[in-house]
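Colleague: Take -8 as the starting number for the sequence shown in the numbering used here and just add one per residue. The beta-carbon is built from N, C-alpha and C at its ideal position, and this holds for glycine as well. Got a structure for you, questions after.
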Amino acid sequence: MAVVMIVTLLLPARSEEVGKVGVDWFGNDIVIEAITDPKVQGVTCHVSYFDRSVIDRLKKGNWFEDPSNSSISCRQTGPIVIGDIELDREGEEVFSQNISLIWKHQVVNRIYDKENDTLVYLSHSRQVQDGSAKMAISTVPLYGQKVEWVQGKPE
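Put into structure tokens, the structure is as follows:
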């Protein structure tokens, strides 16, 4: 069991497309992915984002990137086991994927709010320049939950 836990904690976050909704006749879609946190078992985040079609790219230009808009919702989906997570104010990156040819990424960061005993997940885009103010957060409260801390709960 301990070996499975250690291997799980070392793997990068996985995402699985769970939904795709067409929003217009140009072929643009909203994609919904389930993301599992590699260091926190029992938490699943669902992230949605806009996926531009080839027709939309040809029509409007800006061919090589999708918009920065995203939404996130995270919930407890099983027993929570927290591995060796970053505890500083920046937290740590849980997931990243390209939303442009080269420079732009959709990112999910996890931050532990010690005072409120809550995991905070932030979805945003990261760019080399012209950072975007478009973001979304979701929280998973740990208070009153049976939570196992592999390294011991931070004091």
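Taking only three categories from DSSP, how would you classify residue 101?
Modeller: strand
Colleague: Taking 8 Å as the cut-off, decide whether the C-beta atoms of residue 37 and residue 23 are in contact.
Modeller: In contact: residue 37 and residue 23 (Cβ atoms closer than 8 Å).
Colleague: Between the C-alpha atoms of residue 114 and residue 65, what's the straight-line distance to the nearest angstrom?
Modeller: In a straight line, the C-alpha of residue 114 is about 11 Å away from that of residue 65.
Colleague: If you scan the region 14 to 39 from start to end, which runs of the alpha helix (DSSP H) of 4 or more residues do you find wholly inside it?
Modeller: Positions of the alpha helix (DSSP H) runs, each at least 4 residues long and wholly inside the region 14 to 39, cannot be given because no such run exists.
Colleague: Considering residue 80, what are the terminal residues of the beta strand (DSSP E) in which it resides?
Modeller: No beta strand (DSSP E) holds residue 80; DSSP gives it neither H nor E.
Colleague: Would residue 112 pass as an interface residue toward chain D - the criterion being a Cβ-Cβ separation below 8 Å?
Modeller: In the structure shown, chain D cannot be found, because there is only a single protein chain.
Colleague: Hey, residue 74 and residue 100: beta-carbon distance below 8 Å or not?
Modeller: No, they are not a contact pair.
Colleague: Please state whether DSSP places residue 138 in a helix, a strand or coil.
Modeller: strand
Colleague: Assign residue 30 to buried or exposed, taking buried as 16 or more other Cβ atoms, counted over all protein chains shown, within 10 Å of its Cβ.
Modeller: buried
Colleague: Tell me where the beta strand (DSSP E) around residue 143 begins and ends.
Modeller: Premise fails: residue 143 is in no beta strand (DSSP E) and is neither H nor E.
Colleague: Which same chain residues end up closer than 8 Å to residue 67 when comparing Cβ atoms and leaving out the 5 residues on each side of it in sequence?
Modeller: 33, 34, 131 and 136
Colleague: Specify the secondary structure class of residue 0 as computed by DSSP and reduced to three states.
Modeller: Summary for residue 0: the model assigns pLDDT 39, below 50, so the residue's position carries little reliability; its value from the coordinates is reported in the next sentence. In this structure, residue 0 counts as helix in the three-state DSSP scheme.
Colleague: Quick check: what's the CA-CA separation for residue 98 versus residue 140?
Modeller: 25 Å
Colleague: What does DSSP give as the partner residues of residue 125 in its beta bridges?
Modeller: In the DSSP assignment, no residue is bridged to residue 125.
Colleague: Tell me the rounded alpha-carbon separation between residue 119 and residue 103.
Modeller: Here the model assigns residue 119 a pLDDT of 46, short of 50, so the residue's position is not dependable, and the following value carries that caveat. Each residue's Cα considered, the two are about 26 Å apart.
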